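Student: Counting in the UniProt record's numbering, the sequence shown runs from 1 upward without gaps. C-beta atoms are modelled at their ideal positions from N, C-alpha and C, and glycine is treated no differently. As the structure is a prediction and not an experimental result, all values here were calculated from the model. Pasting a structure here, questions to come.
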Amino acid sequence: MNFAQDKGGSSRLTGFGLVVLVHVLIVGALASGLATKIKEAVKGPIDVKVVEEKVKPPPPPEKVVPPPPDIKAPPPPFVPPPEVVVTAPPPPTQTVAVQSTTPPPAQEFRPAPPPAAPAPPAPPAPKVRSAIGSCNKMGKPEMPALNWSGTASYKATFTVKGGKVVEISLATLRGANDRKADRALKNAITSTLSETYECVDAVLEQEFVFNME
Numbered sequence: 001m002n003f004a005q006d007k008g009g010s011s012r013l014t015g016f017g018l019v020v021l022v023h024v025l026i027v028g029a030l031a032s033g034l035a036t037k038i039k040e041a042v043k044g045p046i047d048v049k050v051v052e053e054k055v056k057p058p059p060p061p062e063k064v065v066p067p068p069p070d071i072k073a074p075p076p077p078f079v080p081p082p083e084v085v086v087t088a089p090p091p092p093t094q095t096v097a098v099q100s101t102t103p104p105p106a107q108e109f110r111p112a113p114p115p116a117a118p119a120p121p122a123p124p125a126p127k128v129r130s131a132i133g134s135c136n137k138m139g140k141p142e143m144p145a146l147n148w149s150g151t152a153s154y155k156a157t158f159t160v161k162g163g164k165v166v167e168i169s170l171a172t173l174r175g176a177n178d179r180k181a182d183r184a185l186k187n188a189i190t191s192t193l194s195e196t197y198e199c200v201d202a203v204l205e206q207e208f209v210f211n212m213e
């Protein structure tokens, strides 16, 4: 057997394996170093910034450019004036005055009526006197038979002519609460004045009071 050939082949394989192992170690070292650098880069501080959105300002308003002062407005259209027709006034009418030669009739003269005579003044009202002291005979009215109680008073104004009572007027000062009694009391006063009173001619008055309890 050829042992020298066998030793040469094994030494080649060993050398090849060493070369491969060295490459593997180098690749592993490189890989481990890169990984460490990446970790250190990741572990560094993280700076977070907020980006503000920029709002665009509104566009400026459009400026209204006035027309140049040299431009003149067009003249208004020509409108012809209306025609005015003048009418001549009619000729004046001639008035002929006619004079009458007949004299006017004579007016009859009538005198003015005399002024009316003034009306005579009204006679003064007669002065009212009290019957007491003016009558020499005075009767008392009889109390009528009435189912009535209370107080009633009346004032009589009467005219005397020829010594007799001719006109009587009664005024109620405090009337009776019963109409029938009030009428009976007035009739009693009237009868008494007409039948029993004798007085001087004058206008007299007297008060009558009835008290029925």
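1. With a CB to CB cut of under 7 Å and the five nearest residues on each side skipped, what residues in its chain are close to SER134?
2. Is it right to say ALA131 is buried, meaning 16 or more other beta carbons lie within 10 angstroms of its own, or is it exposed?
3. For ALA26, count the other beta carbons within 10 Å of its own beta carbon; 16 or more makes it buried, fewer makes it exposed. Which is it?
4. Using 8 Å as the threshold, is the C-beta distance between ILE189 and PRO141 below it?
5. Cutting at 8 Å between CB atoms, please list the residues of its own chain near GLY162, excluding the five before and the five after it.
6. If you draw a straight line from the C-alpha of VAL24 to the C-alpha of SER10, how long is it?
7. According to DSSP, is LYS208 helix, strand or coil?
8. Could you check whether the region 172-186 touches the region 113-121, counting it as contact only if at least three pairs of C-beta atoms, one from each stretch, sit closer than 8 Å?
9. Taking the alpha-carbon positions, what's the VAL42 to LEU13 distance?
10. Roughly how many angstroms lie between the CA atoms of LYS180 and GLU167, to the nearest whole one?
11. Are the beta-carbon atoms belonging to LEU185 and ALA156 less than 8 Å from one another?
12. In terms of alpha-carbon separation, which member of TRP148, SER191 and GLN206 lies closest to GLU213?
13. How is the alpha helix (DSSP H) around LEU185 delimited, first residue to last?
14. In or out: ALA29 buried (at least 16 other Cβ within 10 Å) or exposed?
15. Since PHE208 contacts THR151 with CB under 8 Å, what's their CB separation in whole angstroms?
16. In this structure, does DSSP put ILE132 in helix, strand or coil?
Tutor: For this structure:
1. If we look at SER134 and ignore the five residues flanking it on each side, its Cβ neighbours are CYS199, VAL200, ALA202 and LEU204.
2. buried
3. Position check: residue 26 holds Ile in this sequence, whereas Ala was assumed. Exposed, by the Cβ-count rule.
4. yes
5. ASP201
6. 21 Å
7. According to the sequence as given, residue 208 is Phe; it is not Lys. Correct three-state label for PHE208: strand.
8. no
9. Confidence at VAL42 is low in this model, with a pLDDT of 48, below 50, so its placement is unreliable and the value that follows should be read with caution. Cα to Cα, the separation comes out at about 43 Å.
10. 23 Å
11. no
12. TRP148
13. 179-196
14. exposed
15. Not quite, the Cβ-Cβ distance comes to about 12 Å (not below 8 Å), so this is no contact.
16. coil
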